[in-house]
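Student:
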């Protein structure tokens, strides 16, 4: 092996099995990979390699092509039979390129010729492992989506969110463009995924693009692709996100941040269902559902001339507006439990619950950062917690301290109550606060409140009676 290893991010302990009957290659490769942070297991032949793989999970196999007892191709075939998802890089002599190509046809991820170059070896290993990580993330996402993002599982105790779920059900199996609006951190991408993974396109690609994260020229080539030679550095043709999302869904987040030039090209795609790559003149057509999201007021931007009016009307076919967390405080106990489970691996599953007093403090905070802020503070609290219960949480510095009356725990909640009963008392207290907030907002109009809560008037009156709330004190005049 020769040359210094290419610089790059340190590995995260991924295990690589290296099999080669050349002792010098084995030792040099192990030294190189160990220095980069990988866990390395060495084998001298195919049988030892299989035994190493059976002894524990591996992330990559690097195998010589020509070995005694079992050839590299035979080992590859057996590995693909037992561990079909395990990537394999084959190492071959310079004169055996055709055999390496055959290995690629049989499922090898890549190949390397001897004498090996450290830079090339590390480049290929990083590329293959990055692909494996993405495949795992996609597999986990699909499994998570199957259980979490279906409309049936997108549940809420908030009448506002039940309305959102109903809207998703109405539009999920159509191809109309959906505009998701709401403050940052309210879960706009979650709704976009629910629209895709619960609908008829769920088996096809879901492609997400954050429009605010890319400058104008880069965003244009990212969305529409480019032809070879279209600009400096365009050394080959590249498909854009519209093509990647063919037969699936393209989710354009922060659509309010795109430039006038990109607005014009996006309008043409929506109108004509076709586009050209940057630097090209051949129209391309794709079957892609468009879902967009923004935390900005597109209607106001349109009136101010900052957003094309015709594009706004094309996007605003089916609007969904997500409420901020401060308007769905009833969901905080459920969200807290969800994040405890979602991030359990952060602390080895040690933290099991949140103390009721902490839940009460959380429900008395305005959460300007919404669900994303709640999730981040939950993770921080889990890491800092020594036992199995979160007994303290750092509320955000911009959160105004709750007034004394709101900070008190419900009188029905006793310190020695079982956790579920204690939590129920807090939720009932939140329900009373919610009713008071609705009565204040709509000046005691029971008909309007009942419509928003998706219940009948009798239920509203019954709930007010349960909490000893007099609606007449909220009416004007």
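In this note's numbering, the protein residues as written are 299 to 775.
The beta carbon of each residue, even a glycine, is placed where N, CA and C say it ideally should be.
Note that the structure is predicted; figures quoted are calculated from it, not measured.
1) Which of the three DSSP states is assigned to residue 471 in this structure?
2) Looking at the structure shown, is residue 359 part of a helix, part of a strand, or coil, going by DSSP?
3) Excluding five sequence neighbours on each side, which residues of the same chain lie with their C-beta closer than 8 angstroms to the C-beta of residue 364?
4) In chain order, what residues of the same chain have a beta carbon less than 6 angstroms from the beta carbon of residue 687, not counting five sequence neighbours either side?
5) For the ligand FMN, I want to know if residue 487 counts as a neighbour, meaning its beta carbon is within less than 7 angstroms of at least one of the ligand's heavy atoms.
6) Using only alpha-carbon positions, find the residue among 504, 527, 678, 423 that is nearest to residue 551.
7) Looking at the structure shown, is residue 490 part of a helix, part of a strand, or coil, going by DSSP?
8) Looking only at C-alpha atoms, which of 417, 540, 386 sits nearest to residue 572?
9) Determine the contact status of residue 519 and residue 576, defining contact as a CB-CB distance below 8 angstroms.
10) Just grab the DSSP bridge partners of residue 412 for me.
11) What do you reckon, are the CB atoms on residue 372 and residue 405 nearer than 8 angstroms?
12) Which of the three DSSP states is assigned to residue 524 in this structure?
13) Rounded to a whole number of angstroms, what is the C-alpha to C-alpha distance between residue 805 and residue 762?
14) Of all the options 640, 682, 610, which has the alpha carbon lying nearest to the alpha carbon of residue 553?
15) Could you name the residues of the same chain whose beta carbon sits closer than 6 angstroms to that of residue 683, not counting the 5 residues immediately before and after it, in chain order?
16) Could you give the first and the last residue of the continuous alpha helix (DSSP H) run that contains residue 656?
17) Using a Cβ distance threshold of 8 angstroms, determine whether the region 470-481 contacts the region 581-595, with at least three qualifying pairs required.
18) What residue does the alpha helix (DSSP H) around residue 567 start on, and which one ends it?
19) So residue 358 packs on residue 387, CB below 8 angstroms; how close in whole Å?
20) Check each candidate in 525, 669, 600, 512 and name the one with the smallest Cα separation from residue 482.
21) Let me know the secondary structure DSSP gives residue 536 once reduced to three states.
22) Just the C-alpha distance for residue 374 and residue 432, rounded to the nearest angstrom, thanks.
23) Is it the case that the region 515-530 contacts the region 487-506, given that we only count it when at least three CB pairs across the two stretches are under 8 angstroms?
24) Where do the ends of the alpha helix (DSSP H) carrying residue 337 lie?
25) In terms of DSSP beta bridges, what is residue 582 paired with?
Tutor: The short version:
1) Shown here, residue 471 sits in coil according to DSSP, grouped into three states, outside any helix or strand.
2) DSSP, read as helix, strand or coil, puts residue 359 in strand.
3) Within the same chain, residue 364 has close Cβ partners 370, 390, 391, 394.
4) Excluding residues within five positions, the ones whose Cβ falls inside 6 angstroms are 651, 653.
5) The ligand FMN is absent from the structure shown, which contains no ligands of any kind.
6) Selected option, being the one with the closest Cα: 504.
7) Here residue 490 sits in helix by DSSP.
8) For residue 572, the nearest C-alpha among the options comes from 540.
9) Annotated as proximal: residue 519 and residue 576, with beta-carbon spacing under 8 angstroms.
10) For residue 412, the beta-bridge partners assigned by DSSP are 391.
11) For residue 372 and residue 405, no; Cβs fall outside 8 angstroms.
12) Strand.
13) Residue 805 is absent from the model: the chain starts at 299 and stops at 775.
14) Residue 553 has its Cα closest to that of 610, out of 640, 682, 610.
15) These residues qualify, in order along the chain: 649.
16) Per DSSP, residue 656 belongs to the alpha helix (DSSP H) from 654-661.
17) Touching, yes, given that three or more Cβ pairs across the two stretches are closer than 8 angstroms.
18) Boundaries of the alpha helix (DSSP H) around residue 567: 558-570.
19) Under the criterion of beta carbons closer than 8 angstroms, residue 358 and residue 387 qualify as touching, at roughly 7 angstroms.
20) When the alpha-carbon of residue 482 is set against those of 525, 669, 600, 512, the nearest one is in 669.
21) Here residue 536 sits in strand by DSSP.
22) Going by the C-alpha atoms only, they are around 22 angstroms apart.
23) No, the region 487-506 is not in contact with the region 515-530.
24) Membership of residue 337 in any alpha helix (DSSP H) is not indicated; the residue belongs instead to the beta strand (DSSP E) covering 337-341.
25) The partner list for residue 582 (beta bridge, DSSP) reads 573.
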